[in-house]
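Residue numbers (my numbering): 963 to 1223.
C-beta atoms are modelled at their ideal positions from N, C-alpha and C, and glycine is treated no differently.
Note that the structure is predicted; figures quoted are calculated from it, not measured.
Comments concern the structure below.
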């Protein structure tokens, strides 16, 4: 069993436990009271924005603790000030040290789109994502069937959420559903955690032209973003590059400043 299999197996247990703690009716009431959320697709297409999706992530299975002291509200507030197009918040607890409350806290202090970065396998997680203030959810092709992608995506859109459909190779594009308008290519192999930036370039050739293309993982330099822009990418998810510094928000500010120059 590889690490991805372990994460998914644990996620099934975690979701079952969450369903006991809070009912769907309670989540639905929270949605009614919540504000409308901004569009991830629209913000990534906005030429006045950077296209960068800045991530809040405390740890990962491959790197261990990345930043155990950063406060989600401080970091995400500064991400928006820096000019980020969106924020990604890890809500997986067992392997990434996150929780749903992190996203709620980020929503309280920001106005830009927030992606719930998690291993979505159940409609309950999507309902929860909308209740805690997410603008979009992540659907990972490698852990879902084509039918599951379709069902989960349609449910997300019915709640006013968008979907970032994540693939790692051209075969996984076979699970793509036309309802989805944002496709991300993860340069990191989630089974081995090896990273190759050229993965995005190769897979991009198979992404429908009407989709916003997002490159994920392995982005550490401005020149990488410039290169990916030339390949048709409008979004760039950056996590560890900022979070491994003492002040992620300030690191983001400097990075985007350099990008604009």
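For this session: Counting only the same chain and skipping the five closest in sequence on each side, list residues whose C-beta sits under 6 Å from that of residue 1091.
Result: Here residue 1091 refers to the residue found at position 129 when the chain shown is read from its first residue. 1078, 1099, listed in sequence order.
Problem set entry | Segment contact flag, the region 998-1008 with the region 1178-1193, C-beta cutoff 8 Å, min 3 pairs | no
Exercise. Is there a Cβ from chain D that is less than 8 Å from the Cβ of residue 1023?
Worked result: Considering every chain present, this structure includes no chain D. It has just one protein chain.
Exercise. Under 8 Å between the Cβ atoms of residue 1103 and residue 1134?
Worked result: The count along the chain shown starts at 1 and reaches residue 1103 at position 141. The count along the chain shown starts at 1 and reaches residue 1134 at position 172. It is a contact, given that the beta carbons lie within the stated cut-off.
Problem set entry | Whole-Å CB distance - residue 1147 paired with residue 1174, under 8 Å assumed | Position 185 of the chain shown, counted from the first residue, corresponds to residue 1147. Position 212 of the chain shown, counted from the first residue, corresponds to residue 1174. No, residue 1147 and residue 1174 are not in contact; Cβ-Cβ is about 12 Å, not under 8 Å.
Exercise. Starting from residue 979 and walking both ways along the alpha helix (DSSP H), at which residues does that stretch end?
Worked result: Stepping through the chain shown from its first residue, residue 979 is reached at position 17. Element bounds for residue 979: 965-983.
Problem set entry | Selection from 1119, 1112, 966 that minimises the alpha carbon distance to residue 1097 | Here residue 1097 refers to the residue found at position 135 of the chain shown. Measuring from the Cα of residue 1097, the nearest candidate turns out to be 1119.
Exercise. Is DSSP giving residue 1033 helix, strand or coil here?
Worked result: As a first step, residue 1033 is located in the chain shown; it is residue number 71 there, counting from the start. Residue 1033: coil per DSSP, three-state reduction.
For this session: For residue 1079, name the three-state secondary structure that DSSP assigns.
Result: Reading the chain shown from its first residue, position 117 is the one you call residue 1079. Here residue 1079 sits in strand by DSSP.
For this session: Determine, using beta-carbon pairs with one atom in the region 1033-1048 and one in the region 1106-1117, whether at least three such pairs fall under 8 Å.
Result: no
Exercise. If we count the other Cβ atoms within 10 Å of its Cβ and call it buried at 16 or more, is residue 1106 buried or exposed?
Worked result: If you number the chain shown from 1, residue 1106 lands on position 144. Buried, since its Cβ has 16 or more Cβ neighbours within 10 Å.
Problem set entry | For residue 1150, the three-state DSSP class (helix, strand or coil) | Residue 1150 sits at position 188 when you count from the first residue of the chain shown. Here residue 1150 sits in strand by DSSP.
Exercise. Taking the Cβ atom as the reference point for each residue, do residue 969 and residue 1081 lie within a distance shorter than 8 Å?
Worked result: Within the chain shown, numbered from 1, the residue matching residue 969 stands at position 7. Within the chain shown, numbered from 1, the residue matching residue 1081 stands at position 119. Yes. Within cutoff.
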